[in-house]
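Engineer:
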Amino acid sequence: MSDKETVAAYMAKLKHPLIAEIEAVRKIIKGSDKRISERIKWNAPSYYYIQDMVTFNHRNHKAVHLVFHHPEIVNIRSALLLGEYKDRRMTYFKDMKEVKANKKELERIMTSLVKKIEKLNKSKIKN
């Protein structure tokens, strides 16, 4: 199966009280930059551009939980990015109101991360 088919099958089976919110966040992430791809990693939808960037954590049934795990995320400042981990940040949306209210900021985070990854990749190619 293709990544698209694998994700579709995963989502069809997912039992989560915030499934509509998860779908809305997926749409925001995928729509923020056409170069972002989606696949299943760590048993959840995960997004990458050249390198892995962010993955859903569906164990939390009280919020939509995103784990931003690309190390460059620590260089992006946003009230949505929580935690003081050395190489990751977390984001939580408790309902559709929060998803809609933070759509532009999530898009900004994703496009900023894509740009940082692209810049990092170009510098690696040069060296």
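This note's numbering numbers the first residue of the sequence shown as 207 and each following residue consecutively.
All C-beta atoms, glycine included, are put in the ideal place defined by N, C-alpha and C.
Check whether the segment 221-240 and the segment 258-270 touch, using three or more Cβ-Cβ pairs below 8 Å as the test.
Structural biologist: The answer is yes - the segment 258-270 touches the segment 221-240, with three or more Cβ pairs under 8 Å.
Engineer: To the nearest angstrom, how far is it from the Cα of MET204 to the Cα of ILE323?
Structural biologist: With the chain covering only 207 through 333, there is no way to say anything about residue 204.
Engineer: Between ILE246 and SER238, is the Cβ-Cβ spacing less than 8 Å?
Structural biologist: For ILE246 and SER238, no; Cβs fall outside 8 Å.
Engineer: Counting only runs that start and end within the segment 243-316, where is the beta strand (DSSP E) found for 3 or more residues in a row?
Structural biologist: You should have 243-247, 250-255, 257-263, 270-274, 295-299.
Engineer: Taking the beta carbon of MET207 as the centre, do at least 16 other beta carbons fall within 10 Å, making it buried, or is it exposed?
Structural biologist: Exposed, by the Cβ-count rule.
Engineer: Would you say ILE279 and LEU286 are within 8 Å of each other, going by their C-beta atoms?
Structural biologist: No; because the gap between Cβ atoms is not below 8 Å, this pair is not in contact.
Engineer: So, at 8 Å on beta carbons, what are the nonlocal neighbours of GLU313 in its own chain, with the 5 sequence-adjacent residues on each side left out?
Structural biologist: ILE234, GLY237, SER238.
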